[in-house]
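> Numbering (the numbering used here), first residue to last: 913 to 1044.
No residue lacks a Cβ here, since even glycine has one placed at the ideal position from N, Cα and C.
All values derive from a computational prediction rather than experimental measurement.
Provided herewith is a single structure, encoded as structure tokens, for subsequent inquiry.
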RNA sequence: AGUUCAGGCUGGGCAAUUGCCUCGAAGAAAUUCGGGGAGGAAAGUCCGAACUUCAUAGAACAGGGUGCCGGAUAACGUCCGGAGGCUCGAUAUUUCGGGUCAUGGAUAGUGCCACAGAAAAUAAACUUCCUCGAGGGAACUCGUGGUAAAGGUGAAACGGCAGGGUAAGAGCCUACCGCAGAAAUGGUAACAUUUCUGGUCCCGAUUUAGUCGGGAUCCCGGUUUUACCGGGACACGGCAAACCCCACCCGAAGCAAGGUCAAAUAAGGGAACUUUUCCGUAUUAUGCGGUAUAAAGUUGUUCGCUUUAAUCUGUGCCGCAAUUUUGUGGCAGAGAUGAGUUCCCGGGUAGACUGCUGGAUCCCGAUGGCAACAUCGGGACAAGAUAAAUAAUUGCCAUCCCGAUUUUAUCGGGAAACAGAAUUCGGCUUAUAAGCCUGAACUAUUU
RNA sequence: GUGGGCAUAGCUCAGUUGGUUAGAGUAUCAGGUUGUGGCCCUGAGGGUCGUGGGUUCAAAUCCCACUGCCCACC
């Protein structure tokens, strides 16, 4: 597995997984309220690891803005995913997380850059890690 | 020269690092190497097609759409060319240029036209006007007829204006304009231009004159050509984006179409196996009672409790009854129905694959055409994802703006739109920073 | 991909066979009533009828295009 990669195995692809997380997941917000996250942790001894997805609601912006926001979230996760790499394999846990923007939208934050997202992603990831 | 508006074109480039999707090659695999990776609107989903399935013997109705004429096209509500209307500007009185138009039919029928006005659609009633008669001194009143000119309102008033004419008047007559019809010429056509729409006589109704109806002859046009028919006009206000009529077009649904494979599950079909053991009792009945075993249900679990272990038909042997047919009981073994279990078929859900990108394709040139476009020749292959890839960061160079130095360059800072493929094409509509091109309007300066 | 609906005063809604002041409730403001406030009574203001075109003598109403919101189906 690549150190800074984000292949298809590390993303949530199935509709059942999304239904599970949206129905029984736990919320976590960043301190600036820019982002929110839903996560589910389940025991899985065969394939421990982390799976993520990025979701942007339809009312928050048009297609270009939503795509860019999701790419920025995935990019900042990709460069920081070493936070989870050791703990999940030790505890035999499969962690599933959905990130999505919360208070930001296209009208307020038209030009979004990586620096706006970076610190919030790290904060959410460390919070989830401490709760496991 | 600037500003605004309308239309059109372009829609920053190169490199490095880290990633994603897809295709190809290598490898047992992890993975490695190489090729490719958003738009002019990908958008809105407003039209038209291709493609697929369903239904089909054909047609019509209903419903929907389109609407000046000709052409282009696979098709269109699109495009090109032309005609006409409206409008703006210039010129200066007739043309030129720009913009724009859902531009068939109001004599097929129905309906609507507020307020005001005499009247809003069969032209008639009312007021006024005029002749004649009666009354009266007169103003005037009443009756009889004539006429549709006047009524000033309205968005719109039943051709306009001028002259003649008359008792008053009227296309009643005349000139010009408008409208309508016919013919000729030009044009494929829409349409445009030009010309014509007249004269004489007789009879009847009514009358002051006119007018109306009928007829004859000359004239014009057509046909079936010694003949027949038609014509010689002022009638018909607007609205069809009101119903409607006419002409033309449309079968329905959509890639979540459709096809292939196929966990699960219901119905159905086929095959195999199972459908019990012991004891007692009775005989009209394979019955009844007990016991063990198995399965199912109940319960957190065990025990316990409840239910089920079926039904029918031949065959052979034995016992009993009777008259030989026969009846009845037991045992053995077989078949059928039902039930249960397992397997297979079938079915098609989740899921996977396919449809899936090479096509009415794009670029260049020649020929035909005013053009849209067509034909021919040469060349090119250019995203294919599915909770959905096409990205992030940095540097350099271009473009524009601001500031400083300074004199045409340098330094520093900043800006760069609208927007993301989802089966594929042809259009339309809408959004769009900056730069460039074309056109129109306005403003200023100079000559 | 397909189909349907809504937009009118600050708010909730009438009004759409086209017709001459676009109306009601509530809210706001002013006056009255009361010792004061509320309730109550009287009056006033407040509308580019979502935007832009067109048809018509006349458009909130009819037609076309656009914007925003909502709903349904496979």
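To which residues of the same chain is residue 945 closer than 7 Å at the C-beta, ignoring the five residues directly before and after it?
1014 and 1015
> Buried or exposed, going by whether 16 or more other CB atoms sit within 10 Å of the CB of residue 914?
By the 10 Å Cβ count, residue 914 comes out exposed.
> Kindly provide the ranges of any alpha helix (DSSP H) runs that are 4 or more residues long and lie completely inside the stretch 941-1028, ordered along the chain.
975-990 and 994-1003
> Taking all protein chains shown into account, do 16 or more other C-beta atoms lie within 10 angstroms of the C-beta of residue 951, making it buried, or fewer, making it exposed?
Here residue 951 is buried: its Cβ has 16 or more other Cβ atoms, across all protein chains shown, within 10 Å.
> Does DSSP put residue 926 in a helix, in a strand, or in coil?
coil
> Suppose the cutoff is 8 Å on Cβ atoms and the five residues either side in sequence are ignored; what does the same chain contact list for residue 1001 look like?
960 and 961
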